[in-house]
Each structure stands twice: as C-alpha cells, then as structure tokens.
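Enquirer:
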Amino acid sequence: MAGYLINNLAVILYPSITSWLFPVTAVPALLGELSLCLFLLFRGVNLEKYRARLALQTA
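Going left to right, the sequence shown walks through residues 17 to 75 as the numbering used here numbers them.
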C-alpha cells in the first residue's frame, strides 16, 4: 500500500524520478499481492467454519 502511495505521489510531484522509482516500489507490491493470491488459492476457505457461521446468521 505504501508503495502505491509513494509511486503515485512521485508521479504527481516529481515526474522525472518515476523511471527508476517505479521498479523499486513495484517489487514489494508484486511480492505482497502474489503471496496473498497464492495463499488464497492454496489455503482457501474453511468450508466447515463458513457453513457453521452461515447457519448461525440465518437462524
């Protein structure tokens, strides 16, 4: 999140530094988003707990 903020502020305030700043801020963002994606793909949702919560909400 901070990487996106820093990159966007740099584009607005200092457009000349964005050519080297983007890779520096994009790599941590890529790692964070990729790790979240992989976590959700492989770990997923615990269906048993999800169905139990759904049953409590509808009751």
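A virtual CB, placed ideally from N, CA and C, is assigned to each residue, including glycine.
1) If I'm right that residue 19 touches residue 41 with Cβ under 8 Å, what's the distance once you round it to whole angstroms?
2) Does any residue of chain B bring its CB to less than 8 Å from the CB of residue 22?
3) Can you list, in chain order, the residues of its chain whose CB lies under 7 Å from that of residue 75, leaving out five sequence neighbours each side?
4) Helix, strand or coil for residue 60? Go by DSSP, reduced to three states.
Expert: Considering the structure as presented:
1) Counted from its first residue, the sequence shown places residue 19 at position 3. Counted from its first residue, the sequence shown places residue 41 at position 25. About 4 Å separates the two Cβ atoms, so the contact holds.
2) Absence of chain B from the displayed structure is noted, only one protein chain being present.
3) Here residue 75 corresponds to residue number 59 of the sequence shown, with the count starting at 1. Here the set comprises nothing.
4) In the sequence shown, counting from the first residue as 1, residue 60 sits at position 44. It is coil, neither helix nor strand.
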